[in-house]
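> After the C-alpha cells below, expect a handful of questions from me.
2 protein chains.
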Amino acid sequence: MRGVIMKSARDVRVEDVEEPRIIESTDAVISLTATCICGSDLWPYRGIEPVDNQPMGHEYVGIVKEIGDAVTTVAPGDFVVGSFCLSDGTCEICTAGYPSRCANGGFMSGSQAQKVRVPLADGTLVKTPGMPDPDLIPSLLAASDVLGTGWFGAVAAESGPGKTVAVVGDGAVGLMAILAAKQLGAERIIAMSRHESRQKLAREFGATDIVEERGDAGVAKIKELTNGYGAHSVVEAVGTQESMLQAIHSTRPGGHVGFVGVSHDVEIPGGDLFFSEVHLFGGPAPVRRFLPELIKLIWERKINPGKVFDLTLPLEDAAEGYKAMDERRAIKVLLKP
Amino acid sequence: MRGVIMKSARDVRVEDVEEPRIIESTDAVISLTATCICGSDLWPYRGIEPVDNQPMGHEYVGIVKEIGDAVTTVAPGDFVVGSFCLSDGTCEICTAGYPSRCANGGFMSGSQAQKVRVPLADGTLVKTPGMPDPDLIPSLLAASDVLGTGWFGAVAAESGPGKTVAVVGDGAVGLMAILAAKQLGAERIIAMSRHESRQKLAREFGATDIVEERGDAGVAKIKELTNGYGAHSVVEAVGTQESMLQAIHSTRPGGHVGFVGVSHDVEIPGGDLFFSEVHLFGGPAPVRRFLPELIKLIWERKINPGKVFDLTLPLEDAAEGYKAMDERRAIKVLLKP
Chain A
240 MRGVIMKSAR DVRVEDVEEP RIIESTDAVI SLTATCICGS DLWPYRGIEP VDNQPMGHEY
300 VGIVKEIGDA VTTVAPGDFV VGSFCLSDGT CEICTAGYPS RCANGGFMSG SQAQKVRVPL
360 ADGTLVKTPG MPDPDLIPSL LAASDVLGTG WFGAVAAESG PGKTVAVVGD GAVGLMAILA
420 AKQLGAERII AMSRHESRQK LAREFGATDI VEERGDAGVA KIKELTNGYG AHSVVEAVGT
480 QESMLQAIHS TRPGGHVGFV GVSHDVEIPG GDLFFSEVHL FGGPAPVRRF LPELIKLIWE
540 RKINPGKVFD LTLPLEDAAE GYKAMDERRA IKVLLKP
Chain B
240 MRGVIMKSAR DVRVEDVEEP RIIESTDAVI SLTATCICGS DLWPYRGIEP VDNQPMGHEY
300 VGIVKEIGDA VTTVAPGDFV VGSFCLSDGT CEICTAGYPS RCANGGFMSG SQAQKVRVPL
360 ADGTLVKTPG MPDPDLIPSL LAASDVLGTG WFGAVAAESG PGKTVAVVGD GAVGLMAILA
420 AKQLGAERII AMSRHESRQK LAREFGATDI VEERGDAGVA KIKELTNGYG AHSVVEAVGT
480 QESMLQAIHS TRPGGHVGFV GVSHDVEIPG GDLFFSEVHL FGGPAPVRRF LPELIKLIWE
540 RKINPGKVFD LTLPLEDAAE GYKAMDERRA IKVLLKP
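In order, the protein sequence lines correspond to chains A and B. Under our numbering, think of the first position of the first sequence as 240, with each following residue one higher. Under our numbering, think of the first position of the second sequence as 240, with each following residue one higher.
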C-alpha cells in the first residue's frame, strides 16, 4: 500500500510501505477515508525537529477492516474517528479526562496512508452513528486533532458565557479555538491575525474582533479592548516564546491561558508568571474526551469545522500539500488516500 | 514611634520613624497588636533582592485608631486583620476573587512598627467578631499572609476530598498549606521536608506522609507513593527553579500545581510544561478573599495556625528575629510592638 514518508527536512515522498496488521489484541486496522497534514508536521519539515524516514500522519477517519480479539467497542464495517493520542481509556489519567497522557498510551503515526493500525482501539476510536454523508468527512477528520485541539484550548482557557476570549495564532488550531469559544458561549472573541483570508474565516467561525498587532503592541490592544484588564480567557495556538508571552500578558489576573501550540524553545519566566497571576494549562489535547460531543455537533450540522481545509489533494501529492502549508498558501490540507 | 528599617542586606535596625497619619480618605491608621517577619523578607536580607532603607513588614493585626472620611466598614476601636496586598474590593479583578492583583491596589509596607497606615482600608481590612483572646493573636496574625498564602496554594492546587496533596517546602507557608489541605478535606498529604522539627509540625498540621528526598529523587518518591501517577495536587512554597520543577514533575497529568513561593530566577521550560500537562497557577495570594473564612475558623478554635510562630520577640529585637529565620533556627518570628 502507499504511505507518506518524511525522509528528511523538506523531503516528503509517497512510497510503497508494508500493509498494517493486527499485532496486539487491542489493535484495530482501519482503511482511511481521509487524512491530513498537521501544523505540527511542519516542525520537522522545517528542520526544527529532527526527522529520519518517518511515516507521517496522526489524523484520520475511516472504516474498520479488522480488530484484535480484545476489541469490543468497534467492529469491522464501522466508520470511526480517532484521536491523535492513543489511550487505554481505563487508567486513572484517562478516567480523570486526560487520555492524551494515558499511563499506557502514546501517539499515532503513519495515518497519511491507505490503511493504518490503531493500537488501544477501544480507548482511542469512536464510531459515528452511521456512514457519514460525504460532505461531513472533512469535519469529522478535523475532530481527530485540529478541532479537538482548538476545543481543548478553549476549554483550558475556560471560555464560556460572559467571557472575552482572545486567540493568539490564526493557524488551523487557532481558527478551531474560535469556533469552540463560540460554541462554549463566549461573549466576545478576539482573533489575533494579520492575514485577510484567515481573518475572514475567523469571523465566519465566530470572531467578533480582529487584532492585527503582535507582541507588546498586541497585548496593549487587548487591554484597550477590555477596559485595561485583559481578556478573561486566552488561547495560545502557536508555540513560540513570543506567542506564549503575548498570551500570558493579554490575560487579566485570575484569568486563564489555554496553550495548545506545541512549545518550541519556550522558557516562561517564573516571576513574570507569578505577578501575572494567570491560570496556565495546556498540552497534547485530550481529544478522545471531546469526540462524542464533537461528532454529535458535526452529525447534527451545528458546526462546520471542515471549512478549515482549503486544499484537497490525492495522497500521492502529499509533498505539494506540505509545501503549500509551509508557504502558508493553504491553512490545512486534506489528503485522499 | 519605633519601626523596623532594613538599611541594606543583613543590616536591620529599629529606629524612630514618622507617625503614620491619614493621607487619603480611604486610609485607616491602626495601632499594631502584633506583627511578624515574612520568609519573603529574607530575599532582600540575603541580598537576593535590592534593598535601601526600606521600612519593613506587611503582616499585621491591631486596633483601628483613625479612619479617612470614605471608610465605612471599620471604625476606631475595631480589632482588624488585613491582607499584605492592598485592594479596593470593587474593581473587576477584586470582585472576581483576585484582590491581590487589584487594578488600583499595591503592597503593604511598614507594618513592623507600632502603628501603620493601611490604604484602601475597606477593601483590605476585615474586623474580627470582637476583641480576641490573647491566645488567638498569633493565629489571626498568621491569617494576614502566611496562612492566607498557604491556603491559596492549597486552593490553587485544587486540594480536596479524595486528593493526594504534596507540599514542596517546609517553611511557614508550606506548613500552612498542609493545614489548609487538611481543612479542605484532602485524603493524603505528603510533606516534603528533611528537618525533624518541621516534620513534627507538618504531622501536627495534617501531613500523613513525609518525603525527605529532593529534586528528581523526591519526584520518584512521590510517584512511588501514588501508583506511578504523581500527586493530584502539589503546592510549591519555595520559589526556586529546583522546587518549581520538583512540583511540576510530582504532579500527575491533569493535576494542579499551586505555586506561592515568590519566584526567583525561575524559567519554566515550555515543552516540559506542555508534556507534563499540569494546571499551573500561582502568584501573590488573594488573602482578602479568604480572610472572613479564616477568621471564623480561628475564632471557633478549629485551626491553630499561630503554632507556626516558634519565636516571639519585642519589636526592638527585630534584628535578632531576622537572624534566627535566616539561620533557620526559627520557622517564623512574631514581633510585639
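Glycine included, every Cβ here is placed at the ideal spot set by N, Cα and C.
Assuming B:Ser-247 is part of the beta strand (DSSP E), what are its boundary residues?
Locating residue 247 of chain B in the second sequence gives position 8, counting from the first residue. 241-247 is the extent of the beta strand (DSSP E) around B:Ser-247.
> Please report whether the beta-carbon of A:Asp-409 lies at a distance below 9 angstroms from any beta-carbon of chain D.
Of the chains in the structure shown, none is chain D; the protein chains are A and B.
> Say whether chain A places a C-beta atom closer than 9 angstroms to the C-beta of B:Pro-523.
Position 284 of the second sequence, counting from 1, holds the residue named residue 523 of chain B. Yes, B:Pro-523 lies at the interface with chain A (some Cβ there is under 9 angstroms from its Cβ).
> Just verifying my parser: in three-state terms, what is the DSSP assignment at A:Ser-270?
Locating residue 270 of chain A in the first sequence gives position 31, counting from the first residue. DSSP places A:Ser-270 in strand when its eight states are reduced to three.
> Given that B:Gly-389 touches chain A, what residues does it touch there, using C-beta distances under 8 angstroms?
As a working note, residue 389 of chain B is residue 150 in the second sequence. Going along chain A, no residue has its Cβ under 8 angstroms from B:Gly-389, so there is no contact; the nearest lies around 16 angstroms.
> Establish whether the CB of A:Arg-427 and some CB of chain B are separated by less than 9 angstroms.
Mapped onto the first sequence, residue 427 of chain A falls at position 188. For A:Arg-427, the answer is no, since every Cβ of chain B falls outside 9 angstroms of its Cβ.
> Could you tell me the distance, in whole angstroms, from the CA atom of A:Val-251 to the CA atom of B:Gly-494?
Stepping through the first sequence from its first residue, residue 251 of chain A is reached at position 12. Stepping through the second sequence from its first residue, residue 494 of chain B is reached at position 255. If I take the Cα positions, the gap works out to 38 angstroms.
> So, are the CB atoms of B:Leu-484 and B:Ala-382 less than 9 angstroms apart?
As a working mapping, residue 484 of chain B is identified with position 245 in the second sequence. As a working mapping, residue 382 of chain B is identified with position 143 in the second sequence. No, Cβ-Cβ distance for B:Leu-484 and B:Ala-382 is not below 9 angstroms.
> List the residues of chain B that A:Ser-472 touches, going by C-beta distances under 7 angstroms, in chain order.
The residue you call residue 472 of chain A lines up with position 233 of the first sequence. Residues of chain B passing the Cβ test: none, with the nearest at roughly 12 angstroms.
> Does the beta carbon of A:Ile-507 sit closer than 9 angstroms to a beta carbon anywhere in chain B?
The residue you call residue 507 of chain A lines up with position 268 of the first sequence. Chain B, which has a Cβ nearer than 9 angstroms to the Cβ of A:Ile-507, makes this yes.
> Check this for me: beta carbons of B:Gln-480 and A:Gly-509, under 9 angstroms apart or not?
For the purposes of this step, residue 480 of chain B is taken as the residue at position 241 of the second sequence. For the purposes of this step, residue 509 of chain A is taken as the residue at position 270 of the first sequence. Taking 9 angstroms as the Cβ cut-off, B:Gln-480 and A:Gly-509 qualify as a contacting pair.
> Anything in the stretch 512-543 of chain B with a Cβ closer than 9 angstroms to a Cβ of chain A? List those residues in chain order, please.
Residues Leu-512, Phe-513, Phe-514, Ser-515, Glu-516, Val-517, His-518, Leu-519, Phe-520, Gly-521, Gly-522, Pro-523, Pro-525.
> Between B:Thr-363 and B:Gly-307, is the Cβ-Cβ spacing less than 9 angstroms?
Along the second sequence, one-based indexing puts residue 363 of chain B at 124. Along the second sequence, one-based indexing puts residue 307 of chain B at 68. Not in contact: B:Thr-363 and B:Gly-307 (Cβ atoms no closer than 9 angstroms).
> Output the boundary residues of the alpha helix (DSSP H) element that contains A:Arg-252.
Mapped onto the first sequence, residue 252 of chain A falls at position 13. A:Arg-252 -> not in any alpha helix (DSSP H); beta strand (DSSP E) instead, spanning 250-255.
> Please report the straight-line C-alpha distance between B:Ile-327 and B:Ala-411, rounded to a whole angstrom.
Translated into positions along the second sequence, residue 327 of chain B becomes position 88. Translated into positions along the second sequence, residue 411 of chain B becomes position 172. Note on residue identity: the sequence assigns Asp, not Ile, to residue 327 of chain B. B:Asp-327 and B:Ala-411: Cα-Cα distance of roughly 28 angstroms.
> Assuming A:Pro-358 and A:Glu-426 make a contact with CB atoms under 8 angstroms, what is their CB distance in whole Å?
The count along the first sequence starts at 1 and reaches residue 358 of chain A at position 119. The count along the first sequence starts at 1 and reaches residue 426 of chain A at position 187. The pair is not a contact, with the Cβ atoms about 42 angstroms apart (cut-off 8 angstroms).
> Out of curiosity, what's the CA-to-CA distance linking A:Ala-459 and A:Ile-449?
By one-based count along the first sequence, residue 459 of chain A stands at place 220. By one-based count along the first sequence, residue 449 of chain A stands at place 210. Going by the C-alpha atoms only, they are around 14 angstroms apart.
> Provide the residue span of the beta strand (DSSP E) that contains B:Lys-575, from first to last.
By 1-based counting over the second sequence, the position of residue 575 of chain B is 336. Segment 572-575, the beta strand (DSSP E) holding B:Lys-575.
> Based on Cα-Cα distance, which residue from A:Ile-276, A:Val-253, A:Glu-443, A:Gly-286 lies nearest to A:Pro-544?
For the purposes of this step, residue 544 of chain A is taken as the residue at position 305 of the first sequence. Ranking the options by Cα distance to A:Pro-544, first place goes to A:Glu-443.
> In angstroms with no decimal places, state the Cα-to-Cα distance between B:Gly-441 and A:Phe-323.
On the second sequence, position 202 is the one that residue 441 of chain B refers to. On the first sequence, position 84 is the one that residue 323 of chain A refers to. The sequence given here has Ala at residue 441 of chain B, not Gly. If you take the alpha carbons of B:Ala-441 and A:Phe-323, they lie about 43 angstroms apart.
> Our contact map puts B:Cys-277 next to B:Asp-384 with C-beta atoms below 8 angstroms; I'd like the distance itself, whole angstroms only.
Within the second sequence, the letter at position 38 stands for residue 277 of chain B. Within the second sequence, the letter at position 145 stands for residue 384 of chain B. Indeed they touch by this definition, with Cβ atoms about 6 angstroms apart.
> Kindly confirm or deny that the stretch 275-295 of chain A and the stretch 487-505 of chain A touch, where touching means at least three C-beta pairs closer than 8 angstroms.
Output reads yes: the stretch 487-505 of chain A touches the stretch 275-295 of chain A.
> Quick check for students: name the residue ranges of the beta strand (DSSP E) that lie wholly in the stretch 288-364 of chain B, counting only runs of 3 or more.
Taking only runs of at least 3 residues, the beta strand (DSSP E) segments lying wholly in the stretch 288-364 of chain B are 299-306, 318-321, 354-357.
> With distances taken Cα to Cα, identify the nearest neighbour of B:Gly-469 among B:Asp-455, B:Ile-507, B:Ala-476, B:Gly-478.
For this step, residue 469 of chain B is matched to residue 230 along the second sequence. If we check each option's Cα against that of B:Gly-469, B:Asp-455 comes out closest.
> Quick one: is A:Pro-283 buried, meaning 16 or more other Cβ sit within 10 Å of its Cβ, or exposed?
Sequence index remark: in the first sequence, residue 283 of chain A carries index 44 (1-based). A:Pro-283 is buried by the Cβ-count criterion.
> Would A:Ala-416 be called buried (16 or more neighbouring beta carbons within 10 Å of its own) or exposed?
Residue numbering aside, residue 416 of chain A sits at position 177 when the first sequence is read from its first letter. It counts as buried.
> With a threshold of 9 angstroms between beta carbons, is B:Ile-376 in contact with chain A?
Translated into the one-based positions of the second sequence, residue 376 of chain B becomes position 137. False, the Cβ-Cβ gap to chain A never drops below 9 angstroms.
> Assuming B:Pro-523 and B:Ser-339 form a contact by the criterion Cβ under 8 angstroms, report the distance between their Cβ atoms to the nearest whole angstrom.
As a position in the second sequence, residue 523 of chain B is number 284, starting the count at 1. As a position in the second sequence, residue 339 of chain B is number 100, starting the count at 1. Contact holds; Cβ gap of about 4 angstroms.
> What are the boundary residues of the alpha helix (DSSP H) that includes A:Met-431?
Position 192 of the first sequence holds residue 431 of chain A. No alpha helix (DSSP H) holds A:Met-431; the beta strand (DSSP E) holding it covers 427-431.
> Are the Cβ atoms of A:Val-243 and A:Pro-294 separated by less than 9 angstroms?
If you number the first sequence from 1, residue 243 of chain A lands on position 4. If you number the first sequence from 1, residue 294 of chain A lands on position 55. Cβ atoms of A:Val-243 and A:Pro-294: closer than 9 angstroms.
> Please state if the CB of B:Val-300 and the CB of B:Ala-267 are separated by a distance shorter than 9 angstroms.
Within the second sequence, the letter at position 28 stands for residue 267 of chain B. Within the second sequence, the letter at position 61 stands for residue 300 of chain B. Cβ distance not < 9 angstroms, so B:Ala-267 and B:Val-300 don't count as in contact.
> Does any CB atom of chain A fall closer than 9 angstroms to the CB of B:Ser-279?
Position 40 of the second sequence, counting from 1, holds the residue named residue 279 of chain B. Answer no: the Cβ-Cβ gap between B:Ser-279 and chain A never drops below 9 angstroms.
> Indicate the three-state DSSP secondary structure (helix, strand or coil) for A:Val-505 in the structure shown.
Taking the first sequence and counting its residues from 1, one reaches residue 505 of chain A at position 266. Coil, per DSSP.
> I'd like to know whether the C-beta of B:Gln-485 is nearer than 9 angstroms to at least one C-beta of chain A.
Numbered from 1 along the second sequence, position 246 holds the residue referred to as residue 485 of chain B. Judged by the 9 angstroms Cβ criterion, B:Gln-485 is not in contact with chain A.
> Rounding to the nearest angstrom, what Cα-Cα distance links B:Gly-345 and B:Pro-259 in this structure?
As a working mapping, residue 345 of chain B is identified with position 106 in the second sequence. As a working mapping, residue 259 of chain B is identified with position 20 in the second sequence. Rounded to the nearest angstrom, the two C-alpha atoms are 18 angstroms apart.
> How long is the line joining the alpha carbons of B:Glu-506 and B:Met-431, rounded to whole angstroms?
Residue 506 of chain B sits at position 267 when you count from the first residue of the second sequence. Residue 431 of chain B sits at position 192 when you count from the first residue of the second sequence. If you take the alpha carbons of B:Glu-506 and B:Met-431, they lie about 22 angstroms apart.
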